[in-house]
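Sequential numbering of the sequence shown, starting at 226, is according to the working numbering.
Right, one structure below, let's go through it.
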Amino acid sequence: MSDIQIPLPLVQTSLSALPMYQSPHLIATYSHLPDRSIQHSDASISYHKGASIGDDLKAGYGSYIERDPLLNEHLDGLCQSLLKYRKEGGSLKSGALITWRGMLTSYYTTSPYACRLLTAAFSDRDTWEMNAVAFNGNVYLEDHVTKEERLKRIEEEKAYKQQSYFGYSFEAFSTTDVKPKAGKTALEKAKKRKRPSEIAVNTNVQWCCVVKSKIGVKIEVGFRDAQGTLINLETFMTSQIPRTIHKTPNAPWDAAICLQTFEALVAQVLGQVITTDPIPTWKSEGADLSSIPEATVWRIKFQPKQGLLMKKLGAYTPENEDPKQRWGFLPLSFVEKMLE
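Shown next as structure tokens:
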């Protein structure tokens, strides 16, 4: 089968009808512990307490422990969470795209931020690749980065490692792992609890602190000077950010165009990948768990200003992975339990 080209849709205005998306709702939570094991609880949650002007964001630099950048965890945590959700009575709709948030928006690279599906219309430089597989009526999407590319990224990131740490540090100054309770004493303990030198594991660069309140979700953004001292704090309501950007002269992106482009691209990706789901036929032929058919994995490459290039890989197993433990790039144990 030849490669499939999906061009960027010609969306020229933000006045066109918007796709109908619901606000997200929580179905499950889990935490990565310091050893990267998964616990189905809020064990790793941090609570907002607010940083202070004058905080030294360099504090603790050189003694913190990072997540192994060569570790490829695929969608394993998400899969475990979905299994728990189903065990507790939840069900998955067919025709869904299942992936991480960053696969839809952006991810941190040697360039400031590389655009993904939701922001593809405004990306003019960065390329990226993803793997996709259809399983039991839904399409799962994961990042595709080779070991060589990861090593190259590690080397390039050394040049601004301390600047990246400022983001970790701001998060630590802004949050605490002790849930604040009513009363001055508890809040004082919370404020003393967590400083940057106590950071155990960091998984993402955070330049802002996300706060959920009764009126919606807010982000608190910290601004620093060249020496890494926090000099200003600003808070934004996430629901208002697209409107604010829209009013900005020469706005770098437009929320309506992002949604329209995303809808068009994902509809075509789902349409191609879902047809290679072997499970419906397998179910109609008897659904013997001892003979689950092979997965068909696709490679999706984004070409700036052009669109997506899709290639069928067939029965693909990620590099350095045991094919007996994987169904495509999904955990085989997840596949088997979902089909029981």
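Cβ coordinates follow ideal geometry from the N, Cα and C atoms, glycine included.
So for residue i, helix, strand or coil by DSSP?
i: Asp368; result: strand
i: Arg375; result: helix
i: Arg468; result: helix
i: Val446; result: strand
i: Ser358; result: The displayed chain sequence assigns Val, not Ser, to residue 358. Of the three classes helix, strand and coil, the one that applies to Val358 here is strand, per DSSP.
i: Tyr390; result: helix
i: Ile263; result: strand
i: Gln305; result: helix
i: Ile517; result: coil
i: Ala407; result: Any reading at Ala407 needs caution, since the residue's pLDDT is 40, under 50, leaving its predicted position unreliable; the model's value is listed next. Looking at Ala407 - three-state DSSP - the assignment turns out to be coil, as it is neither helix nor strand.
i: Glu291; result: strand
i: Pro421; result: Residue placement at Pro421 is flagged as unreliable, the pLDDT there being 33, under the threshold of 50; the coordinate-derived value follows with that caveat. Of the three classes helix, strand and coil, the one that applies to Pro421 here is helix, per DSSP.
i: Arg311; result: helix
i: Ser269; result: coil
i: Thr401; result: strand
i: Gly285; result: coil
i: Leu329; result: coil
i: Leu317; result: coil
i: Leu342; result: helix
List the endpoints of the continuous beta strand (DSSP E) containing residue i.
i: Ile231; result: 229 to 232
i: Gly572; result: Nothing about residue 572 can be read from this structure; the chain reaches only from 226 to 565.
i: Trp507; result: First-last for Trp507: 504 to 509, but that is the alpha helix (DSSP H), not the beta strand (DSSP E).
i: Phe527; result: 522 to 528
Examine chain B for any beta-carbon lying closer than 7 angstroms to the beta-carbon of residue i, and answer yes or no.
i: Tyr289; result: You won't find chain B in this structure, because it holds only one protein chain.
Using the Cα positions of residue i and residue j, report the straight-line distance between them to the nearest angstrom.
i: Lys443; j: Phe487; result: 24 angstroms
i: Phe527; j: Ser509; result: 36 angstroms
i: Arg524; j: Lys372; result: 16 angstroms
i: Met328; j: Ser394; result: 25 angstroms
i: Gly392; j: Lys383; result: 15 angstroms
i: Pro474; j: Phe347; result: 16 angstroms
i: Ile270; j: Tyr246; result: 27 angstroms
i: Ser516; j: Pro505; result: 14 angstroms
i: Ser227; j: Ala242; result: 34 angstroms
i: Gly539; j: Asp281; result: 51 angstroms
i: Glu546; j: Val522; result: 15 angstroms
i: Gln230; j: Gly496; result: 13 angstroms
i: Lys472; j: Pro232; result: 28 angstroms
i: His257; j: Arg378; result: 23 angstroms
i: Glu544; j: Gln465; result: 42 angstroms
i: Ala268; j: Arg292; result: 17 angstroms
i: Lys537; j: Gln531; result: 19 angstroms
i: Met355; j: Val494; result: 11 angstroms
i: Glu313; j: Tyr385; result: 44 angstroms
i: Pro223; j: His369; result: Given that the chain is displayed from residue 226 to residue 565, the structure contains no residue 223 and the question cannot be resolved.
i: Val403; j: Ala481; result: 39 angstroms
i: Leu534; j: Gln485; result: 19 angstroms
Return the first residue and the last residue of the alpha helix (DSSP H) that residue i is part of.
i: Gln493; result: 480 to 498
i: Leu455; result: No alpha helix (DSSP H) contains Leu455, which is instead part of the beta strand (DSSP E) from 455 to 462.
i: Lys562; result: 557 to 564
Within its chain, find whatever has a CB closer than 7 angstroms to the CB of residue i; leave out the 5 residues flanking it on each side and keep chain order.
i: Phe559; result: Cys304, Leu308
i: Ile456; result: Ile278, Phe448, Arg449, Asp450
i: Ala476; result: Ile470
i: Ser319; result: Gly362, Asn363
Taking C-beta to C-beta, are residue i and residue j nearer than 7 angstroms?
i: Ala397; j: Tyr310; result: no
i: Val491; j: Ala357; result: no
i: Asp349; j: Pro467; result: no
i: Thr401; j: Lys274; result: yes
i: Pro234; j: Ala489; result: yes
i: Asn170; j: Ala321; result: Nothing can be reported for residue 170, as the shown portion of the chain is limited to 226 through 565.
i: Ser389; j: Ala276; result: no
i: Arg341; j: Thr352; result: no
i: Ile263; j: Gly315; result: no
i: Leu343; j: Cys483; result: yes
i: Asp502; j: Ala345; result: no
Could you name the residues of the same chain whose beta carbon sits closer than 8 angstroms to that of residue i, not counting the 5 residues immediately before and after it, in chain order?
i: Leu557; result: Lys549, Gln550, Arg551
i: Lys417; result: Low local confidence applies: a pLDDT of 37 at Lys417 is under 50, so the model's placement there is unreliable, and no value is given.
i: Leu300; result: Ile323, Thr324, Trp325, Tyr365, Glu367, Phe554, Leu555
i: Lys562; result: Leu308
i: Thr542; result: Pro548, Arg551, Gly553, Phe554
i: Tyr286; result: Gln387, Tyr390, Ser394, Pro421
i: Gly441; result: Met462, Thr463, Ser464
i: Pro249; result: none
i: Glu565; result: Leu514
Give every residue of the same chain whose Cβ lies closer than 6 angstroms to the Cβ of residue i, excluding the five residues on either side of it in the sequence, and list them in chain order.
i: His265; result: Tyr255, Lys309
i: Lys283; result: Gly453
i: Thr324; result: Leu366
i: Leu295; result: Arg375
i: Glu519; result: Ala540
Cβ-heavy atom distance between residue i and the ligand MG below 6 angstroms?
i: Glu354; result: In the structure on display, the ligand MG does not appear, and there are no ligands present to speak of.
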